[in-house]
Amino acid sequence: MYAQLVKTSRAKAPEEMSEQERAFQARIDRGEKIEPKEWMPEEYRRTLIRQIGQHAHSEIVGQLPEGNWITRAPTLQRKAILLAKVQDEAGHGLYLYCAAETLGISRDELIAMLHSGKMKYSSIFNYPTLTWADIGAVGWLVDGAAIMNQVPLQRCSYGPYARAMVRICKEESFHQRQGYDLISKMARGTPEQKAMAQDALNRFWYPSLMMFGPSDKESVHSAQSMAWRIKINTNDELRQKFVDQTVPQAHYLGLTVPDDKLAWNEDKRAYDFSEPDWEEFYAVVRGDGPCNRDRLGARVKAWEDGAWFRDGLAAHAAKTRGAKMAAE
Ligand code: FAQ
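Note that this note's numbering has the sequence shown beginning at 28, numbered continuously upward.
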């Protein structure tokens, strides 16, 4: 079902739509929310499954780079903060799997597609977290980019996705602030700590820009997804907003953004900046990033190791159901 999604770089024109599709589009254009039991075009449903499913997988796989540092956090307070953040990401994954399930796909099917490589997760989580400063960079830059993309999604056309985003955005905002707090302590610490903060920025800058997806001219889904308000902004619009928000923060921290071409453009009242290396992006998306195999391997192992627990829960639920039916 998922694999049949048509890839198109343009939105369907009104004359190509059926009467029912035109009425559906009119509801979207009026800003109405679409709810699970209502009629929707098959492609709308599949596009949502793809995007929400990938988003859910990203939250779950996204626990791995930070989970890697829980046992090595430098203080009890930092450890408690990191634990809370990683747990929040699990919660985000669960809200999003629930939202996807309202579209008629099961969580088991979604997870099987992640494990077989049929479904994607965000490219960013295929980069390693080599030092403690990377945990600051993940919060500051990765959560910062995630929020930039997710705040508009609170206004997306599909009710369950839009509502899931409200709580997720509140929590992501805490995540971003804790990352900025961590990186600012490092940037204002000893020369060695400042060097670690700079090194983390150097390594995470371009992968963070890649999170917004390919440039608008290469984005296959944007036009139709925007017409359906599954996406509110284009990939390049959000990337630009992220750069404009983040560069002054880096300057304030005394850190240098690793881009020789970065310059304020007074005419457009925004920064000019270098594009990420798109060949690297597509290689990571294809499965050839620095950590793809480790990340997927860790998820598959966790799923297999947890089988006894899922089986136990299902057996208990069946037993309880049987006892209830016998009593009725
Ligand atoms: N990585 O036509 P478009 C987080 C794929 S949450 C991998 O532009 P679209 C929280 C795309 O799927 C981060 N693949 O696609 C956290 C498509 O391939 P397909 C996740 C990517 O969907 C923080 C192809 O390229 N957030 O970080 C990426 O219109 C810290 C063509 O691209 C979301 O998922 C990528 N970066 O736009 C957790 C937000 N970009 O499927 C832990 C919701 C593109 O045809 C720690 N998603 N591709 O085979 C979206 O807004 C959109 O799906 C985009 C991509 C903007 C990501």
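Think of the CB as a built atom: it goes at the ideal place given N, C-alpha and C, for glycine as much as any other residue. For clarity, every value in this text was computed on a predicted model and none was experimentally measured.
Collapsed DSSP secondary structure at residue i in the structure displayed
i: Tyr154; result: coil
i: Asn262; result: helix
i: Ile61; result: strand
i: Asn292; result: strand
i: Tyr148; result: coil
i: Val33; result: In this prediction, Val33 scores a pLDDT of 43, lower than 50, which makes its location untrustworthy; the coordinate-derived value is nonetheless stated afterwards. Coil, per DSSP.
i: Asp208; result: helix
i: Met28; result: Because Met28 carries a pLDDT of 40, less than 50, the predicted location of this residue cannot be relied on, and the following value inherits that uncertainty. Met28 falls in the coil class under three-state DSSP.
i: Asp338; result: helix
i: Ala297; result: strand
i: Pro41; result: helix
Integer-rounded CB distance, given that residue j should sit under 8 Å from residue i
i: Gln127; j: Ile55; result: Residue identity differs from the one stated: residue 127 is Ala in this sequence, not Gln. Going by Cβ atoms, the distance from Ala127 to Ile55 rounds to 19 Å, so no, they are not a contact pair.
i: Leu209; j: Pro285; result: About 19 Å separates the two Cβ atoms, so there is no contact after all.
i: Cys183; j: Ile257; result: 6 Å
i: Gln231; j: Ala164; result: Before going on, a small fix: residue 231 reads as Phe here, not Gln. Contact flag correct, Cβ pair sits at about 4 Å.
i: Val108; j: Gln225; result: With the sequence shown as reference, residue 108 is identified as Ile, and Val is not the correct amino acid for it. With 8 Å as the limit, Ile108 and Gln225 do not qualify as a contact, their Cβ atoms being about 22 Å apart.
Proximity below 8 Å, CB of residue i to CB of residue j
i: Leu180; j: Ala173; result: no
i: Lys137; j: Tyr124; result: It should be pointed out that residue 137 corresponds to Leu in this sequence rather than to Lys. Yes. Within cutoff.
i: Arg326; j: His142; result: yes
i: Ser211; j: Leu280; result: yes
i: Asp304; j: Tyr233; result: yes
i: Lys269; j: Lys288; result: One detail in the question is off: residue 269 reads as Phe in this sequence, not Lys. Not closer than 8 Å, so no.
i: Ser246; j: Glu302; result: no
i: Val113; j: Ile97; result: yes
i: Asn262; j: Ser252; result: no
i: Gly324; j: Gly144; result: no
i: Ala254; j: Ala38; result: yes
i: Ala277; j: Met223; result: no
i: Asn176; j: Leu265; result: yes
i: Arg72; j: Leu130; result: yes
i: Ala297; j: Gln267; result: yes
i: Ser85; j: Tyr148; result: yes
i: Asp135; j: Glu198; result: no
i: Trp66; j: Gln78; result: no
Residue i beta carbon near the ligand FMN (any heavy atom closer than 7 Å)
i: Lys346; result: Judged by which ligands are present, the ligand FMN is missing from the structure shown, whose ligands are the ligand FAQ.
Three-pair Cβ contact test at 8 Å for the region 161-171 versus the region 223-240: With a cut-off of 8 Å, the region 223-240 and the region 161-171 count as touching, because enough Cβ pairs lie within range.
So, does the region 111-126 touch the region 212-227, judging by three or more C-beta pairs under 8 Å? Taking a cut-off of 8 Å for Cβ pairs, the region 111-126 and the region 212-227 do not touch, as fewer than three such pairs fall below it.
Between the region 141-157 and the region 81-92, do at least 3 Cβ pairs fall closer than 8 Å? Remark: three or more beta-carbon pairs, one from each stretch, lie closer than 8 Å, so the region 141-157 and the region 81-92 are flagged as touching.
Cβ pair count under 8 Å reaching 3, the region 185-201 against the region 59-79: Contact holds: three or more Cβ-Cβ distances are below 8 Å.
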